[in-house]
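Trainee: Residue 11 in our numbering sits at position 11 of the sequence shown; the count goes up by one each step and never skips. Dumping the structure here so I can ask a few things about it.
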Amino acid sequence: MKIKTKRSKRSRIRGRRTCGYGSRKKHRGKGSKGGKGMAGTGKRAGQKLTWLQRYMQDYLGKRGFTSHKKLKRLKREKVISIEEIISKYYSNLENTIDLSEFKVIGKSNRVDLIKGKEIVCKDISKSSKEFLEKNGVKVKILKNV
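Structural data, given as structure tokens:
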């Protein structure tokens, strides 16, 4: 008696038009799947967006390094003019005006309103310091704040 052997898939499929891949369009490279790997998942992506939303929610969005523009904005020095100090603090009853986060700049013709007070600041321009001291305002500069 002869034992029946299983024919290979290749020989069974021979002559059957699509060879087990369904429509001829389906048996292509990665072109039919929107590219290889994570291709097409960028900011303006569309073809794999639903997949991203389901399986990789954190894939899109900002993270990592801080832009130079933002750093520049963060490092920008806080500056206040003597005119602003007078308009904000002249009615202050305390003798010291705390401006430890600011650099003081400029001059004002209303400086007599803060005469006799002490200004504590991070930094001050040379001309402003001379102007204030000449008009009876004490200046204290904080180092390494």
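All residues carry an ideal CB built from backbone N, CA and C; glycine is no exception. If you're wondering where the values come from, they're calculated on a predicted model, not measured in any experiment.
#1: Check each candidate in 103, 110, 134 and 113 and name the one with the smallest Cα separation from residue 141.
#2: With contact counted as at least three CB pairs below 8 Å, one residue from each stretch, are the stretch 62 to 74 and the stretch 45 to 52 in contact?
#3: Considering only residues of the same chain and omitting the five flanking positions on each side of residue 39, which have a CB-CB separation below 7 Å?
#4: Can you have a look at residue 3 and say buried or exposed, based on whether 16 or more other CB atoms are within 10 angstroms of its CB?
#5: Over what stretch of residues does the alpha helix (DSSP H) that includes residue 84 continue unbroken?
#6: Using 10 angstroms around the beta-carbon of residue 121, count the other beta-carbons present and answer buried if the total reaches 16, otherwise exposed.
#7: Would you mind reading off the limits of the alpha helix (DSSP H) that contains residue 131?
#8: I'd like to know whether the C-beta of residue 4 is nearer than 9 Å to at least one C-beta of chain D.
#9: Just to confirm before moving on: does the CB-CB distance between residue 147 and residue 90 stay below 9 Å?
#10: Hey, quick one: how far does the alpha helix (DSSP H) through residue 103 stretch, first residue to last?
#11: Using the three-state DSSP reduction, which class does residue 111 fall into: helix, strand or coil?
Mentor: On the basis of the coordinates in this document:
#1: The residue you call residue 141 lines up with position 141 of the sequence shown. Among 103, 110, 134 and 113, the Cα nearest to that of residue 141 belongs to 103.
#2: no
#3: Translated into the one-based positions of the sequence shown, residue 39 becomes position 39. Nothing listed; no residue qualifies.
#4: Reading the sequence shown from its first residue, position 3 is the one you call residue 3. Answer is exposed; the Cβ neighbour count stays below 16.
#5: Indexing the sequence shown from 1 puts residue 84 at position 84. Note, residue 84: alpha helix (DSSP H), 82 to 89.
#6: Along the sequence shown, read from residue 1 onward, the residue named residue 121 stands at position 121. When all chains shown are included, residue 121 counts as buried.
#7: Translated into positions along the sequence shown, residue 131 becomes position 131. Note, residue 131: alpha helix (DSSP H), 126 to 134.
#8: This model lacks chain D altogether, as it is built from one protein chain only.
#9: Nothing can be reported for residue 147: it is not among the residues displayed for the chain, which extend from 1 to 145.
#10: For the purposes of this step, residue 103 is taken as residue 103 along the sequence shown, with counting starting at 1. Looking at the DSSP string, residue 103 is not in any alpha helix (DSSP H); the run it does join, the beta strand (DSSP E), is 96 to 105.
#11: Locating residue 111 in the sequence shown gives position 111, where the first residue counts as 1. Correct three-state label for residue 111: helix.
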